[in-house]
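Structure first, commentary second.
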Amino acid sequence: MPRTPDGKPDLQGVWGNNGVTPMTRPTQWKDKTSLTDAEVEELKGLAARYVDLGKDAIFGDFVQLVLDAKKNGKFNQLSYDPTTGNYNQFWMSDREWDNRTSLITDPPNGQFPPLTPDGEARHAVFLKALQQGVGSERGPAGRADGPEDRPLSERCISYGAPWTFPGYDSYFQITQSPQAVVIEQELIHDARIVPLSGLPHLPASIRQLHGDPRGHWDKDTLVVETTNYRGGFQAGLQMSSTPDVRLTERYTRVSPDYINWELTVDDPATWTRPWTFMIRLKRTDAQVYEYACHEGNHAMTGILAGARAKERAAAETTTKSK
């Protein structure tokens, strides 16, 4: 186990989150927590057969798409993010396979725990907001139309941290000292500075976009506890929590090439119980690319002007047809 001069496990370097394991366990596997090597090889073969590098980029989990193709004989390669209109699979990171059937380890069934009534109501609002952000021919009418409701992610300001979605800008650079650990994610280069000095959390009245992280060592595991979110934690593209969520991360270097990154989400206002998922981060000698994205801020007037022009054209067509 590599160690720093002060004797702690050395987590420094660049690490990638490019696994294909789905967040929740597909129904085809029910209570099966792991696959045989032969089953993994079959899935890899199906993915190589079906995934077309020239078609829509498959962001995040795509094992379910492969399983559906195995059952139906048809692969539905349609991106969840058609708003950009210019990504194809060629530009995505190479994906890594392992034997697990879900990232969620608790509950043991590999599924999210039930939502609270308040959580269900906010989930409906969350889904509607996603629909409103979908562009042009693939999205419903009445989507977000003004600068006030275009998201920070679209404007290249922040996707939230930590970013747990695999395969797209999914690398992290970790730097550590005895006093602090810095975890910088590739996506928009959001960096979290985690004090290790025993400082208490900020008062509850002070909220931050990425929360208020505090770290400590539990033997050879770095534990990061984050509170005081301004808007909540969002696991990939799953529903956001409330600002009162407590996120506990555990970073354990299990080999020279892997860190087990375990995250526990505790938000009684959203879910009926805490839940935990685990991501395997793989070491790479490559550098993190520049995230050169600022289209949303510089091009907002053009984006909105184009939308208004489409609306005028649609209104004129409707008028002529009457």
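If you count the sequence shown from 1, position 145 lands on 145 in our numbering, and the numbers rise without skipping. Every residue gets a Cβ at the ideal spot worked out from N, C-alpha and C, and that includes glycine.
For Thr242, which residues of its own chain have a beta-carbon under 7 Å away from its beta-carbon, when the five flanking residues on both sides are left out? Same-chain partners within the cutoff: Gly232, Asp267, Ala269, Thr270.
May I ask you to report which of helix, strand or coil DSSP gives Glu154? DSSP places Glu154 in coil when its eight states are reduced to three.
Considering just the uninterrupted stretch of the alpha helix (DSSP H) at Leu304, what are its terminal residues? Leu304 -> alpha helix (DSSP H) spans 300-321.
Hey, which unbroken runs of the beta strand (DSSP E) at 3 residues or more fall wholly within the stretch 211-281? Whole beta strand (DSSP E) segments, 3+ residues: 212-218, 221-227, 246-255, 258-266.
By the DSSP assignment, the beta strand (DSSP E) with Gly57 in it spans what residues? What sits at residue 57 in the sequence shown is Ala, not Gly. Taken as a continuous stretch (DSSP letters only), Ala57 belongs to no beta strand (DSSP E), as it is neither H nor E.
Please state whether the Cβ-Cβ distance between Gly167 and Asn18 is less than 8 Å. The answer is yes: Cβ separation under 8 Å.
Could you give the distance in angstroms between the alpha-carbon of Glu249 and the alpha-carbon of Gly54? Between the C-alpha atoms of Glu249 and Gly54 there is a straight-line separation of about 37 Å.
Residues near Leu294 by beta carbon distance below 7 Å, same chain, minus five either side: According to the sequence provided, residue 294 is His. The question's Leu does not apply to it. Excluding residues within five positions, the ones whose Cβ falls inside 7 Å are Cys156.
With distances taken from CA atoms, which of Glu41, Asp52, Ser240 is nearest Ala121? Of the candidates Glu41, Asp52, Ser240, Ser240 places its Cα closest to the Cα of Ala121.
Cβ separation of Val342 and Phe75, assumed to be a contact under 8 Å, to the nearest whole Å: Here the chain covers residues 1 to 322 and nothing more, so residue 342 does not appear.
According to DSSP, what are the bridge partners of Asp106? Per DSSP, Thr276.
So, at 7 Å on beta carbons, what are the nonlocal neighbours of Lys32 in its own chain, with the 5 sequence-adjacent residues on each side left out? These residues qualify, in order along the chain: Thr101.
Using three-state DSSP, classify Gly13 as helix, strand or coil. Strand.
Whose CA, out of Asp218, Thr221, Leu199, lies closest to the CA of Asp212? For Asp212, the nearest C-alpha among the options comes from Leu199.
Could you check how far apart the C-beta atoms of Ala180 and Ile193 are, in whole angstroms? I think they sit under 8 Å. Ala180 to Ile193, Cβ: 6 Å. Contact.
If the criterion is Cβ atoms closer than 8 Å, does the pair Asp285 and Thr252 meet it? No, Cβ-Cβ distance for Asp285 and Thr252 is not below 8 Å.
Rounded separation between Ser93 and Thr318 - CA only: For the pair Ser93 and Thr318, the Cα-to-Cα distance works out to about 44 Å.
8 Å Cβ cutoff met for Leu187 and Tyr291: Tyr291 is positioned such that its CB atom lies closer than 8 Å to that of Leu187.
Pro26 in three-state terms, based on DSSP: Coil at Pro26, not helix or strand.
If you compare alpha carbons, which of Leu46, Gln173, Ala313, Pro113 is closest to Asn72? Nearest of Leu46, Gln173, Ala313, Pro113 to Asn72, Cα basis: Leu46.
Just curious, the beta strand (DSSP E) that Gln64 is in, first and last residue? Counting along the chain, Gln64 falls outside any beta strand (DSSP E), though it belongs to the alpha helix (DSSP H) covering 63-72.
Assigned secondary structure, Gly188 (DSSP; H/G/I helix, E/B strand, else coil): A small correction: the amino acid at residue 188 is Ile; Gly does not occupy that position in the sequence shown. Ile188: helix per DSSP, three-state reduction.
What does the Cβ neighbour count give for Glu137, buried or exposed, with the cut at 16 atoms within 10 Å? Bear in mind that the predicted position of Glu137 carries a pLDDT of just 43, short of 50, making it too unreliable to give a figure here.
Check whether the Cβ atoms of Arg280 and Tyr258 sit closer than 8 Å, and answer yes or no. At the C-beta level, Arg280 and Tyr258 come within 8 Å of one another.
Report the rounded CA-to-CA distance for Phe126 versus Ile104, giving the unit in angstroms. One C-alpha to the other measures close to 21 Å.
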